[in-house]
Amino acid sequence: MISQKEYKRRRLNVAKTLKANSVAVLLSATPKTRSNDTEYPYRQNSNFYYLSGFKEDNAALVIVRELRTYKVYLFVAKKDEAVELWTGKRVGAKKAKEQFLVDDVYEYQELEAKLKEFSEGKNQLYYDFSLESSEVDVLKKATKNVTTHSDISTSVQLLRAIKSEAEIAIIKKALSITQEAHHTAMQKAKSLHYEYELQAEIEYVFKKSGAYSDAYTSIVASANAANTLHYVSNTQALQKESLILIDAGCEYAYYASDITRTIPASGKFTEAQKELYEMVLSVEKKIIKMIEPNMLRSELQKKSEELLCEGMVRLGILKGSVKKLLKEKAHKKYYPHGIGHWMGLDVHDECPYKDAKGKEIPLKAGMVMTIEPGIYLDAADEKIPKKYRGIGIRIEDDILVTKNGYENLSEGIIKEVAQIEQMSHSSL
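Here the working numbering is used: the first residue of the sequence shown is 4, the next is one more, and so on.
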């Protein structure tokens, strides 16, 4: 787990990016109503959690930056037995002062008054520009003497890009759970009848292993449904001669995993399925091997498009010169998405891809990203060979950039054709 000393170091690193005589405010996530008086499960704002480790709502973190020093204040919900009867126990200001390495702790209802005090003589206010307008109004009202505003999320997200050893350990734990879930899916798919049954098996493994939340809504897409990139209804019958694209990952201790495997519902690939699958798998392996510090994500994207286009021509899905097809972007019809994204506290981690000048940020040791080439061949597309129609394949792994290259954090999740077929016929 993340130590309080690490959270304190993170706050120091953020404080160093702030201009002298400024105030920075980060607010906890607001509970979201599902319907009437019921709410969605609460999940803390990632930037707020990254700097505090505090999981409750009605909370705030304030960093006051002087000329050469800084102080940090945590605001938490007031202890109230009547409220706690319905929604659970709160840490409260007294215990929070003991647990969190901040200069002082106040009750959340004091935030507006304290911001007025903290902002006296200050020149700049930092806050998250994505806040609700009502929250922004409160901050601006409390700090009305400060006229210069900046987005605090920029500084936090830059820091989030490089994972610490503790963060990497948590991601590995999340992936160990996700590994069990995907292997379970491979073993059970041929005995189940509907996509949602397979989804339930996967998410049962998540929860029984201590990953109480999915990192994102699971995709269990059978047959032609795999050609809808964000298919999440998971309501169709499993067609036994088809492939199942499973994009599912758990969140453990706030950190995500993000894995896609494509498996045969029957337990065995047809020849056409195998041809396409091995083409995509070959591309994924080659792109992963390219990863090293100072590599650009755009270079990985370009190479993946070249390799997939070559494969499509080889299999007769596209016809003509690879160079010309790439120039015309003909391949994008069947490979429309990016090669991967940052991953961490969010499955699509809110870390920048370009710097303040618009220049692409190169890969650095400590970054974690997904690599996920795919091919999507709609059943109604009569321009492609009939044997490939209705097949969608994506293969995705989570990769850590290291000082000398990379580490595939999810290499334990099998993906070779022979391994998947063997796993599908093994007993649980």
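Where a beta carbon is used, it is the ideal one built from N, C-alpha and C, also for glycine.
(Q) Using CA atoms only, rank isn't needed, just tell me which of 259, 230, 257, 255 is closest to residue 249. (A) Here residue 249 refers to the residue found at position 246 of the sequence shown. Comparing alpha carbon positions, the residue from 259, 230, 257, 255 closest to residue 249 is 230.
Q | Cutoff 8 Å; reference residue 170; Cβ partners in own chain excluding five residues on either side | A | Locating residue 170 in the sequence shown gives position 167, where the first residue counts as 1. These residues qualify, in order along the chain: 5, 258, 347.
Q: Please name the residue, chosen from 62, 301, 222, 265, that lies closest to residue 394 on a Cα-to-Cα basis.
A: Position 391 of the sequence shown holds residue 394. Looking at the Cα atoms, 265 is the closest of the given residues.
Q: Use the C-beta contact count for residue 23: other C-beta atoms within 10 angstroms, 16 or more gives buried, fewer gives exposed.
A: Here the question's residue 23 lines up with position 20 in the sequence shown. Label assigned to residue 23: exposed.
Q: Count the C-beta pairs between the stretch 110-117 and the stretch 8-26 that are closer than 8 Å, then say yes if the count reaches three, no if not.
A: no
Q) Does the Cβ-Cβ distance between residue 103 and residue 57 come in under 8 Å? A) The count along the sequence shown starts at 1 and reaches residue 103 at position 100. The count along the sequence shown starts at 1 and reaches residue 57 at position 54. Contact: yes.
Q) Alpha carbon to alpha carbon, how far is residue 376 from residue 397? A) Position 373 of the sequence shown, counted from the start, is the residue given in the question as residue 376. Position 394 of the sequence shown, counted from the start, is the residue given in the question as residue 397. Going from the Cα of residue 376 to the Cα of residue 397 covers about 6 Å.
(Q) For the stretch 201-216 against the stretch 237-255, do three or more pairs of beta-carbon atoms, one drawn from each stretch, fall closer than 8 Å, so that the two count as touching? (A) yes
Q.
Which of the three DSSP states is assigned to residue 61 in this structure?
A. Position 58 of the sequence shown, counted from the first residue, corresponds to residue 61. The answer is coil: DSSP assigns residue 61 none of H, G, I, E or B.
Q. Should residue 418 and residue 284 be called a contact, given that it needs their Cβ atoms to be closer than 8 Å?
A. Here residue 418 is taken as the residue at index 415 of the sequence shown, counted from 1. Here residue 284 is taken as the residue at index 281 of the sequence shown, counted from 1. Contact: yes.
**Q.** DSSP beta-bridge partners of residue 395
**A.** Counted from its first residue, the sequence shown places residue 395 at position 392. Bridge partners of residue 395: 379.
(Q) Using a Cβ-Cβ cutoff of less than 7 Å, which residues in the same chain neighbour residue 408 once the five nearest sequence positions on both sides are dropped? (A) Position 405 of the sequence shown, counted from the first residue, corresponds to residue 408. Taken in chain order, the residues that qualify are 294, 295.
Q.
Looking only at its chain, what residues have a beta carbon closer than 6 Å to the beta carbon of residue 245, apart from the 5 residues adjacent to it on each side?
A. Looking up residue 245 in the sequence shown gives position 242. Correct list, in chain order: 225, 226, 268.
Q.
Measuring only the C-alpha atoms, how far is residue 157 from residue 80?
A. Along the sequence shown, read from residue 1 onward, the residue named residue 157 stands at position 154. Along the sequence shown, read from residue 1 onward, the residue named residue 80 stands at position 77. Roughly 27 Å separates the two Cα atoms.
Q. Which one or two residues does DSSP pair with residue 514 in a beta bridge?
A. The chain is shown only over 4 to 431; residue 514 falls outside these bounds and no answer can be derived.
(Q) Going by DSSP in three states, residue 404 sits in which element: helix, strand or coil? (A) Taking the first residue of the sequence shown as 1, we reach residue 404 at position 401. Residue 404: strand per DSSP, three-state reduction.
Q | CB contact flag (residue 263, residue 399, <8 Å) | A | Residue mapping note: residue 263 aligns to position 260 of the sequence shown, counting from 1. Residue mapping note: residue 399 aligns to position 396 of the sequence shown, counting from 1. It is a contact, given that the beta carbons lie within the stated cut-off.
Q: Could you say if the stretch 333-340 and the stretch 373-390 meet the contact criterion of at least three C-beta pairs nearer than 8 Å?
A: yes
**Q.** Where the alpha helix (DSSP H) containing residue 206 begins and where it ends
**A.** Here the question's residue 206 lines up with position 203 in the sequence shown. From DSSP, the alpha helix (DSSP H) with residue 206 extends over 198-211.
Q.
Quick check: residue 54 and residue 17, are their CB atoms within less than 8 Å of each other?
A. For the purposes of this step, residue 54 is identified with residue 51 of the sequence shown, where counting begins at 1. For the purposes of this step, residue 17 is identified with residue 14 of the sequence shown, where counting begins at 1. Yes, Cβ-Cβ distance for residue 54 and residue 17 is below 8 Å.
Q.
Tell me the DSSP secondary structure of residue 140 in three-state form.
A. Counted from its first residue, the sequence shown places residue 140 at position 137. Residue state, collapsed to three classes: helix.
(Q) Using only the alpha-carbon positions, how far apart do residue 241 and residue 321 sit? (A) Position 238 of the sequence shown holds residue 241. Position 318 of the sequence shown holds residue 321. Approximately 29 Å, taken between the alpha carbons.
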